[in-house]
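Novice:
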Amino acid sequence: MGDLCTRRCPFCDVAHGKPKMLDANEPRSLADAVKKMALKYVVITSVNRDDLRDGGAGHFANCIREIRLQTPNTKIEILVPDFRGRIEKAVEILAAQPCDVFNHNLETVPRLYEKARPGANYQGSLELFRQFYAAIPNVPTKSGLMLGIGETEEEVMQVMKDLLAVGCSMLTLGQYLQPSKSHLAVEEYVTPAQFDRYAQIAKELGFKQVASAPL
Numbered sequence: 001m002g003d004l005c006t007r008r009c010p011f012c013d014v015a016h017g018k019p020k021m022l023d024a025n026e027p028r029s030l031a032d033a034v035k036k037m038a039l040k041y042v043v044i045t046s047v048n049r050d051d052l053r054d055g056g057a058g059h060f061a062n063c064i065r066e067i068r069l070q071t072p073n074t075k076i077e078i079l080v081p082d083f084r085g086r087i088e089k090a091v092e093i094l095a096a097q098p099c100d101v102f103n104h105n106l107e108t109v110p111r112l113y114e115k116a117r118p119g120a121n122y123q124g125s126l127e128l129f130r131q132f133y134a135a136i137p138n139v140p141t142k143s144g145l146m147l148g149i150g151e152t153e154e155e156v157m158q159v160m161k162d163l164l165a166v167g168c169s170m171l172t173l174g175q176y177l178q179p180s181k182s183h184l185a186v187e188e189y190v191t192p193a194q195f196d197r198y199a200q201i202a203k204e205l206g207f208k209q210v211a212s213a214p215l
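In this text, residue positions in the sequence shown follow UniProt numbering: the first is 1, and each later residue adds one.
1. Can you give, in chain order, each stretch of the alpha helix (DSSP H) that sits fully within the segment 90-167 and has at least 4 residues?
2. Would you decide whether Leu69 is buried or exposed? Buried here means 16 or more other CB atoms lie within 10 Å of its CB.
3. In terms of alpha-carbon separation, which member of Asn73, His104, Thr71 lies closest to Leu79?
4. Over what stretch of residues does the beta strand (DSSP E) that includes Leu79 continue unbroken?
5. Which word fits Leu8, buried or exposed, when buried means at least 16 other C-beta atoms lie within 10 angstroms of its C-beta?
6. Among Val109, Asp100, Met1, Lys115, whose alpha-carbon lies nearest the alpha-carbon of Pro140?
7. So, Val166 versus Phe195, is the Cβ gap smaller than 7 Å?
8. Going by other Cβ atoms of all chains shown within 10 Å of its Cβ, with 16 needed for buried, is Asn25 buried or exposed?
9. What residue does the alpha helix (DSSP H) around Ala211 start on, and which one ends it?
10. Might you give, ordered along the chain, the residues of its own chain that have their beta carbon closer than 8 Å to the beta carbon of Ala113, omitting 5 neighbours on each side?
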């Protein structure tokens, strides 16, 4: 869906601007590459495309469809944006062409959204999970947080509980690294021991799969 994002999150190094029209050949080209490399597992992701009526959900679905046609045994994970204002439509489209894992990163705790994700809404992201899980409960859902930008342990634990409440069963936690001096600053380098502690907490709360490490 291009390399220009319609948002400008302070932590992200992806270029911001007015995106070009979607490349109708991309789904087939992607499927060709997956087949050529004989990939058993692929992760499809994109920039935010707030300019599209469906937020890009249809393009994700087309990519899934083409890969299924060429390499039906390949497992497909999609890492999607929040489909702001288009959640119901996006979920309807994705439910018709299911992936194997649905991933959407909350990125940080709600208190820090204004600082780190000013174009996003924490409750909106939870609603995306809620609607997706209601539509396709057999597809596991996944989310990730970057740590080290000022969050507290209590806040991280609350996010875990919020995710579990909307059907999310897989969690990734990693250290935020500043792409450049003009990006959001690192507040803390979280210790490996703390990452291990978060992993233990997440598993005890009920996550089925957890990856928690600095890198």
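The C-beta atom is built at its ideal place from N, Cα and C for all residues, glycine as well.
Specialist: Checking against the coordinates, here is how it stands:
1. 113-116, 122-135, 153-165
2. exposed
3. His104
4. 75-79
5. Correcting the residue identity first, residue 8 is Arg in this sequence and not Leu. So Arg8 ends up on the exposed side.
6. Asp100
7. no
8. exposed
9. From DSSP, Ala211 is part of no alpha helix (DSSP H) but of the beta strand (DSSP E) over 209-212.
10. Reading the sequence as shown, one finds Tyr at residue 113 and not Ala. The answer, listed in chain order, is Ala120, Asn121, Tyr122.
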